[in-house]
Amino acid sequence: MTLVGHATSAVSLLFITANLAFWLVLAIPTSVLRDLVPGFAPRARRMLDAFYRGAVCVDDFWLERVVGLRWTMPARLDLDPGRTWIVLSNHVSWSDIFLLQSLLVRHGLVVQFLSKRELLLVPVVGWVLWAFQFPLLRRTTRRGESDEERKRGDFEALRAACRRARENPVALVCFAEGTRATPERRALRASPHRHLLPPRIGGFAALCDGLGDALAGVVDCTLVYPSGAGDRAPEPAPTPANAFSFWAFLSGRVGAIEVAAELVPAAAIPRDRDERLGWLEARWARKDAAIEARLTTAGR
Numbered sequence: 268m269t270l271v272g273h274a275t276s277a278v279s280l281l282f283i284t285a286n287l288a289f290w291l292v293l294a295i296p297t298s299v300l301r302d303l304v305p306g307f308a309p310r311a312r313r314m315l316d317a318f319y320r321g322a323v324c325v326d327d328f329w330l331e332r333v334v335g336l337r338w339t340m341p342a343r344l345d346l347d348p349g350r351t352w353i354v355l356s357n358h359v360s361w362s363d364i365f366l367l368q369s370l371l372v373r374h375g376l377v378v379q380f381l382s383k384r385e386l387l388l389v390p391v392v393g394w395v396l397w398a399f400q401f402p403l404l405r406r407t408t409r410r411g412e413s414d415e416e417r418k419r420g421d422f423e424a425l426r427a428a429c430r431r432a433r434e435n436p437v438a439l440v441c442f443a444e445g446t447r448a449t450p451e452r453r454a455l456r457a458s459p460h461r462h463l464l465p466p467r468i469g470g471f472a473a474l475c476d477g478l479g480d481a482l483a484g485v486v487d488c489t490l491v492y493p494s495g496a497g498d499r500a501p502e503p504a505p506t507p508a509n510a511f512s513f514w515a516f517l518s519g520r521v522g523a524i525e526v527a528a529e530l531v532p533a534a535a536i537p538r539d540r541d542e543r544l545g546w547l548e549a550r551w552a553r554k555d556a557a558i559e560a561r562l563t564t565a566g567r
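Mind the numbering: the sequence shown is residues 268 to 567 in our numbering, read in order.
#1: Between the stretch 477-488 and the stretch 533-541, can you find at least three pairs of beta-carbon atoms closer than 8 angstroms?
#2: Assuming asparagine 439 and leucine 474 form a contact by the criterion Cβ under 8 angstroms, report the distance between their Cβ atoms to the nearest whole angstrom.
#3: Nearest-angstrom Cα distance between alanine 428 and tryptophan 546?
#4: Enumerate in chain order the residues of its own chain whose CB-to-CB distance from leucine 386 is below 7 angstroms, with the five nearest sequence positions on each side excluded.
#5: Terminal residues of the continuous beta strand (DSSP E) containing alanine 528?
#6: Are alanine 398 and alanine 432 touching if we call contact CB-CB under 8 angstroms?
#7: From the DSSP output, which residues share a beta bridge with aspartate 487?
#8: How would you label valine 271, buried or exposed, when you count the other beta carbons within 10 angstroms and need 16 or more for buried?
#9: Use the C-beta contact count for aspartate 363: other C-beta atoms within 10 angstroms, 16 or more gives buried, fewer gives exposed.
#10: Starting from valine 440, follow the beta strand (DSSP E) in both directions and report where the run begins and ends.
#11: Hey, is the stretch 515-522 in contact with the stretch 330-341, meaning 3+ C-beta pairs nearer than 8 angstroms?
#12: Put tryptophan 397 into one of helix, strand or coil per three-state DSSP.
#13: When the Cβ atoms of the stretch 347-365 are set against those of the stretch 302-319, are three or more pairs found closer than 8 angstroms?
#14: What does a CB cutoff of less than 8 angstroms around leucine 404 pick up in its chain, not counting 5 residues either side in sequence?
#15: Specify the secondary structure class of serine 298 as computed by DSSP and reduced to three states.
#16: Quick check: what's the CA-CA separation for valine 378 versus alanine 565?
#17: What is the DSSP secondary structure of valine 333, counted as helix, strand or coil?
#18: Mind checking whether threonine 446 and arginine 452 have CB atoms under 8 angstroms apart?
#19: Identify the continuous alpha helix (DSSP H) that holds valine 389 and give its terminal residues.
#20: Which of the three DSSP states is assigned to tryptophan 338 in this structure?
#21: Can you tell which of Val531, Thr407, Glu525, Arg430 has its C-alpha closest to the C-alpha of alanine 557?
#22: Between alanine 322 and asparagine 286, which are expected to be in contact by the criterion C-beta below 8 angstroms, what is the C-beta distance as a whole number of angstroms?
#23: Can you list, in chain order, the residues of its chain with a C-beta nearer than 8 angstroms to that of leucine 300? Leave out the 5 residues immediately preceding and following it.
#24: Classify valine 521 as helix, strand or coil using the three-state DSSP reduction.
#25: Reducing DSSP to helix, strand and coil, say where serine 279 ends up.
#26: For tryptophan 290 and tyrosine 319, what's the separation of their Cα atoms in angstroms?
#27: Would the C-beta of tyrosine 319 count as close to the ligand NAP, meaning under 7 angstroms from any of its heavy atoms?
#28: Leaving aside the five residues before and after threonine 408 along the sequence, list all residues of the same chain whose C-beta is less than 6 angstroms from its C-beta, in chain order.
#29: Give me whichever residues DSSP pairs with leucine 482 in a beta bridge.
#30: Hey, could you find the ends of the alpha helix (DSSP H) phenylalanine 365 is sitting in?
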């Protein structure tokens with residue numbers, strides 16, 4: 268990246284942080300009242316939904332109109348904003364968050380990401396997670412805690428998120444790989460895929476079971492980034508799709524990004540855990556092949 272590119276990334280980061288801070292000034296007291304005054308909770312949730320959509324719209328304007336990012340995504344999906352959806356997606360970069368929430372908010376949905384509890388300690392980000400009640404999971408066990416106890420805690424957090432989602436429809440985003448895909452992590456997990464980590468069933472299965480008949484279906488998203496992007500033109504040779512820089516994303520000096528989405532009705536999702544895992548693995552194999560085909564076709 269050039270000096271101008273780095274400067275643009277820095278300004279973008281400051282702008283996005285300031286945008287979040289502005290909406291948090293409104294969201295934090297609203298969240299406190301939501302938790303302390305039961306009768307105010309429905310109105311508070313509507314206000315928080317409006318704040319969230321406002322923040323996303325401002326980010327979209329900055330990234331598309333000011334920075335000049337180029338992304339393509341479905342103009343119209345048959346999504347009912349009055350129902351709860353699970354969103355599955357590959358995980359490449361922090362930029363995934365901006366792309367997915369842009370797609371879903373444009374379709375009238377409010378988004379919640381399954382997030383790591385450790386992010387509560389990150390300024391601004393942690394306040395967002397708390398105010399908007401994102402489901403929080405822990406990557407590591409506490410001292411003196413068994414792995415089973417940690418998993419039970421995560422399961423209860425997901426059950427609580429499902430109870431809220433049954434009453435107040437949202438799009439629950441689950442990165443089934445569990446973390447961002449990198450060449451090192453693919454090697455460590457002996458991934459059969461060129462661009463993806465093997466999916467993990469735990470969080471997805473817990474959401475499906477917890478939502479039950481409140482689940483409208485799955486939005487299966489595939490994010491295709493220009494590999495090796497760091498300046499306006501990406502490298503011509505197709506390399507693994509996770510060779511992507513969030514810093515470059517903030518500068519706009521990347522090639523076109525593609526967001527593909529497919530809707531799967533709840534009735535098409537297996538109920539048996541083993542069958543559900545097979546279904547998820549099959550979709551991941553298709554997703555990896557689609558990413559490879561798009562990168563090869565585009566000469567990325």
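All residues carry an ideal CB built from backbone N, CA and C; glycine is no exception. All of these numbers come straight from a predicted model, not from anything done at the bench.
Taking the coordinates as given:
#1: yes
#2: Against the sequence shown, residue 439 aligns to sequence position 172. Against the sequence shown, residue 474 aligns to sequence position 207. Strictly speaking, residue 439 in this sequence is leucine, with asparagine absent from that position. About 6 angstroms; that satisfies the 8 angstroms criterion.
#3: Taking the first residue of the sequence shown as position 1, residue 428 is located at position 161. Taking the first residue of the sequence shown as position 1, residue 546 is located at position 279. Going by the C-alpha atoms only, they are around 24 angstroms apart.
#4: The sequence position of residue 386 within the sequence shown is 119, counting from 1. Closer than 7 angstroms at Cβ, skipping near neighbours: Val392, Gly393, Leu396.
#5: The count along the sequence shown starts at 1 and reaches residue 528 at position 261. Note, alanine 528: beta strand (DSSP E), 524-532.
#6: Position 131 of the sequence shown, counting from 1, holds the residue named residue 398. Position 165 of the sequence shown, counting from 1, holds the residue named residue 432. Not closer than 8 angstroms, so no.
#7: Start at 1 with the first residue of the sequence shown, and residue 487 comes out as number 220. Per DSSP, Leu355, Glu529.
#8: Against the sequence shown, residue 271 aligns to sequence position 4. So valine 271 counts as exposed.
#9: Locating residue 363 in the sequence shown gives position 96, counting from the first residue. Looking at its Cβ environment, which holds 16 or more other Cβ atoms inside 10 Å, aspartate 363 is buried.
#10: Here residue 440 corresponds to residue number 173 of the sequence shown, with the count starting at 1. Note, valine 440: beta strand (DSSP E), 438-441.
#11: yes
#12: Here residue 397 corresponds to residue number 130 of the sequence shown, with the count starting at 1. Of the three classes helix, strand and coil, the one that applies to tryptophan 397 here is helix, per DSSP.
#13: no
#14: Translated into positions along the sequence shown, residue 404 becomes position 137. Excluding residues within five positions, the ones whose Cβ falls inside 8 angstroms are Leu381, Ser382, Lys383, Arg384, Asp421, Ala424, Leu425, Gly470.
#15: Translated into positions along the sequence shown, residue 298 becomes position 31. Of the three classes helix, strand and coil, the one that applies to serine 298 here is helix, per DSSP.
#16: Sequence index remark: in the sequence shown, residue 378 carries index 111 (1-based). Sequence index remark: in the sequence shown, residue 565 carries index 298 (1-based). One C-alpha to the other measures close to 31 angstroms.
#17: Numbered from its first residue, the sequence shown carries residue 333 at position 66. Helix at valine 333.
#18: Along the sequence shown, read from residue 1 onward, the residue named residue 446 stands at position 179. Along the sequence shown, read from residue 1 onward, the residue named residue 452 stands at position 185. Result yes, Cβ atoms of threonine 446 and arginine 452 sit closer than 8 angstroms.
#19: Here residue 389 is taken as the residue at index 122 of the sequence shown, counted from 1. Careful: valine 389 lies outside any alpha helix (DSSP H) and carries neither H nor E.
#20: The residue labelled residue 338 in the question sits at position 71 within the sequence shown. Strand, per DSSP.
#21: Walking along the sequence shown from the start, residue 557 turns up at place 290. That would be Glu525, whose Cα lies nearest to the Cα of alanine 557.
#22: Along the sequence shown, read from residue 1 onward, the residue named residue 322 stands at position 55. Along the sequence shown, read from residue 1 onward, the residue named residue 286 stands at position 19. That pair is a contact at about 6 angstroms.
#23: On the sequence shown, residue 300 is found 33 positions in, with the first residue counted as 1. Excluding sequence neighbours, leucine 300 sits near Phe307, Ala311.
#24: On the sequence shown, residue 521 is found 254 positions in, with the first residue counted as 1. Reduced to three states, the DSSP call for valine 521 is coil.
#25: Counted from its first residue, the sequence shown places residue 279 at position 12. Serine 279 falls in the helix class under three-state DSSP.
#26: Along the sequence shown, one-based indexing puts residue 290 at 23. Along the sequence shown, one-based indexing puts residue 319 at 52. Cα to Cα, tryptophan 290 sits roughly 8 angstroms from tyrosine 319.
#27: This structure lacks the ligand NAP, and indeed carries no ligand of any kind.
#28: The sequence position of residue 408 within the sequence shown is 141, counting from 1. Excluding residues within five positions, the ones whose Cβ falls inside 6 angstroms are Asp414, Arg417.
#29: Within the sequence shown, the letter at position 215 stands for residue 482. Thr351.
#30: One-based indexing of the sequence shown puts residue 365 at position 98. Phenylalanine 365 -> alpha helix (DSSP H) spans 362-373.
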